[in-house]
Each structure stands twice: as C-alpha cells, then as structure tokens.
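For the sequence shown, my numbering assigns the number 66 to the initial residue and increments by one for each residue that follows.
Ideal placement from N, C-alpha and C gives every residue a C-beta, glycine not left out.
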Amino acid sequence: MRSVVNEFRTFGWPSRLLMINQFGINLGFYMLMPYLAGYLAGPLGLAAWAIGLVLGVRNFSQQGMFIVGGTLADRVGYKPLIVAGCLLRTVGFGLLVIAGSLPAILIASAATGFAGALFNPAVRAYLAADAGPRRVEAFALFNVFYQGGILAGPLVGLALMLLDFRIAATAAAAVFAVLTIAQLFALPQHDATRDQDGSSILDDWRRVVANRPFLLFAAAMIGSYVLSFQVYLALPLQAKELMPDAEAPVVAGVFVISGLIAVAGQLKITQWFTKRWGPGHSLVIGVLILASSFIPMAALPDGRRAGEIAALVALFTGAAVLAVGSAAVFPFEMDTVVSLAGGRLVGTHYGFYNTIVGIGILAGNLGTGTLMQKATEAGRPELTWIVLTVIGVTAASALYRLDRGGRLQPRVSLNANETQ
C-alpha cells in the first residue's frame, strides 16, 4: 500500500483527482447495480423480460454511445464531459429512488448508461494527456483505484441493502453528486489536441476508421475482453454449478480475489513487465496469461473428477490468474490506443475502441452462455473452458503478428506540446 501512495504522489493534481474520481465512480456504481435485478424482481415485481430490457437498455446506452462521448470530448474538452457524465449519473440514480414504473426505470437506466459513455473516454484521454510519457504508470495506478472501487462498492451496497434499496440508491446518487462538484471546481480545463482545420464530426470519424492499425488492434483485443469479462458471467455460473446452496459466498470470493490482486499487485506487475518487454510483447504475454486462467477449470470442470473442493480451488485459481492477466494487459492496452491515435482525436479513438470491444463482449457473452448450457447438457463441461482458452491463444497470436509487423507502434512521434 505504501508503494501505491508513493507512486500516487509523483503525479500531478489532475491525474490524482481523476484516479480518485474513478474510485468514486466505481464505488457508487457497484454499490447499487449488482442488486438492481433483485430489486426489480422483488419489491417492484417486474417480469424477467422487463428486467432484461432494463439491463439491456443500460448496457446499450453506454456501449453504443461511447463514440458520441469520445467525439464530444475531443470537441468541447475533457472536463465538461466528465462533469456532465457525473451529473447525469447523479440524476439517473436519483430517479431510481422514486421510480416505480417500467418507463421511469428505463429512463433512469438509460441515463446511468449514457453517463458512462460521456465520462469514460474523456477520463482516459485526459489522464493520457496529463501523464505524458508516464502513461503506462498512470494507467497502472488508475487501475488500482478502478479495481478498489469495484471491490468496495458491493460491500458498501450490501450493508445499505439491509436497510432498503432506495437508501442504497440515494447514497449512490450522493457519491456522484460529490464527484460532480469536485470535478467542476477542482479539475483544470484540458482541451483535446486536434487539428484546427474546421473538420466535421464525420471527418473525425473517417480519420479513425482510416486508421487501419488501430482497427486491427481493437479487433485483436476483442478476445482479451471476452476472457476478462468472464469474471461477470462464466465464473459466477461455475460457482452456481459447483455450490448451488452457497453460490453468493463463492461469487463474493471470486470478486475479492480479483480485486485484491489488482489493488495489491497492479504496480508490481506493470513494473515487472515494463522492465522485461515493451508494450507489444507485454500485451501478447498478458493475453496468454488470460488464456491460461481457464486451464484449471478445463481440468476440473466439476466435482466428479476430484471432488467439489478441488473444483473450487480450480475456480479460485482461475480467477486469480485471470486477475493477473487483466492487470498485465490494461496499462499497455490504454497506452497503445493513444500511441496508435498519434496523440490526435484521442477521445474519439477511445470511443470507437470501447464500442468495438463492447460489441465483441456482447457477442462473446452470448456465445459463452449458450456454450456453457450446451456443454453441460452434453456432459462435457470442460468444452467451455477449452474454447475460452483457444480464444485467448488466438487473440495473443493476432497481437503477436501486429507487434512483429510494427503495427502497434505510434503513428507519429509525440512531442511535449502534444501531450501536456
């Protein structure tokens, strides 16, 4: 923890505020959203299709609108989008306090999702610009705060849910209200670096689409995201399969392991990779680690081979390795997006990147869920984990070819005036 504090102090005030802001964003979000489905099904009595609609609207309004948020960040500046996103999420969570009908809940859900589309690309672009040549270190520390919020949020939310969902929603809205005020008054304005040629939004989008190395990188990284997001899908489903009467504690254990590794090990993992490999090689090896995380569960997919305890150990081991791989990939991934953007239209590039991998996550989760069901019905549960491993190896191979061909290198040389 001391190393985190010492590293934190070496960055400027804007970067430090953005890191604290991200902890607060995830704290407020995860203290409420994991319990939303239960609230909609329980006290509000919504049907399963309606709950799916609410969650789908929230996801689409964020993933589908990242392009809009990133483009606006480049055109009006990073700070306004960060403030607007925090304010909109305050409103969205506030609506959940009083919403009692499906239309009102859909509006609130859409607001919370679009809020993320506004501030996510702006926060990352601002951090990259403020950190300059220390982008990798900045994103590594950023991920510590990011994961810390994910770790703390559900625990705080669980305590508040013992009182009432509306109390948890009010507390989450209050967190975002504080963040809105903090960013409004304490975060310096930072305009994006872009060509002042009177180009339109469509011109900006054409430039991004014409950036072939960037698009190839985003496509290759889809596999990485499909794997890392299994902490929200395949691992909880595996916990339910192994321990149907104690699912919640096992799932909580998975998230605690993931969060602790990210918080305690992120800086050391990044430093270790930085000393030995460049960004390209680090990405390849990091994705291979992600792929290897599913091997224990492929070997022990259920309790019939070596008992339930062994299968649980395999699950927790897989979660730990998955967390290490995610920690290894994230800082170099974020840095590569900036490099391939050439320091120009960074917010727009982040917006496109998040949308591309978001579509991949949607397809990957649908495929993984279907495969788990079919594999279990066929009595071959290990097939799911084997397929996920193959996806990871394929993604790593694609990244290796891009790196070997020099396509993960910066498009232009960034100078101090462009990054500060």
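Per DSSP, what kind of secondary structure is residue i in: helix, strand or coil?
i, result
"N276", "coil"
"S391", "helix"
"F359", "coil"
"H255", "coil"
"A176", "helix"
"T454", "helix"
"R472", "coil"
"S68", "helix"
"A164", "coil"
"A196", "helix"
"D139", "helix"
"Q438", "helix"
"R445", "coil"
"G134", "helix"
"R81", "helix"
Could you check the C-alpha separation between residue i and residue j for me, to the nearest Å?
i, j, result
"G77", "D195", "8 Å"
"G150", "A233", "20 Å"
"Y104", "R277", "45 Å"
"R123", "Q336", "36 Å"
"M308", "G110", "27 Å"
"I456", "G288", "6 Å"
"V394", "L325", "17 Å"
"A481", "F338", "Because A481 carries a pLDDT of 37, less than 50, the predicted location of this residue cannot be relied on, and no value is offered for it."
"V162", "P168", "14 Å"
"L405", "S166", "45 Å"
"L281", "A327", "28 Å"
"V273", "G134", "15 Å"
"L332", "S68", "8 Å"
"G181", "Q127", "6 Å"
"T441", "A364", "15 Å"
"F179", "E72", "32 Å"
Short of 6 Å in beta carbon distance, which residues of its chain neighbour residue i, apart from the five on each side in sequence? Order them along the chain.
i, result
"F241", "G93, C151, R154 and T155"
"A461", "V349, V352 and L353"
"F88", "F210, G213 and G214"
"P396", "V201, F204, A205 and T335"
"T382", "P361"
"A236", "L225"
"W270", "none"
For residue i, which residues from the same chain have a beta carbon less than 7 Å from its beta carbon, with the 5 sequence-adjacent residues on both sides left out?
i, result
"L479", "Note on L479: pLDDT 42, under 50, position unreliable in the model; the coordinate value appears next. Excluding positions up to five away in sequence, the list reads G408."
"P99", "P219 and G222"
"N40", "Only positions 66 to 485 of the chain appear in this structure, which leaves residue 40 out of reach."
"R189", "M399 and Y415"
"Y290", "V422, G425 and I426"
Using a Cβ-Cβ cut-off of 8 Å (strictly less than) and excluding sequence neighbours within five positions of residue i, which residues of its own chain qualify?
i, result
"H255", "P79, G142, Y143, K144, Y191, A194 and D195"
"F320", "I215, L216, P219 and V296"
"I246", "none"
Just to check, is the beta-carbon of residue i closer than 7 Å to a non-hydrogen atom of the ligand SAM?
i, result
"A138", "Looking at this structure, you won't find the ligand SAM or any other ligand, since it has none at all."
Legend entry - Contact the stretch 373-391 vs the stretch 464-475: 3+ CB pairs below 8 Å: The stretch 373-391, when compared against the stretch 464-475, does not touch it at the 8 Å Cβ threshold.
Inset, instruction - Mind the definition here: the stretch 147-164 touches the stretch 196-203 only if three or more C-beta pairs lie below 8 Å; say whether that holds. - result: The answer is no - the stretch 196-203 does not touch the stretch 147-164, with fewer than three Cβ pairs under 8 Å.
Legend entry - Validate contact between the stretch 288-298 and the stretch 410-430 using beta carbons, cut 8 Å, 3 pairs: Inter-segment contact for the stretch 288-298 and the stretch 410-430 is present: three or more beta-carbon pairs are separated by less than 8 Å.
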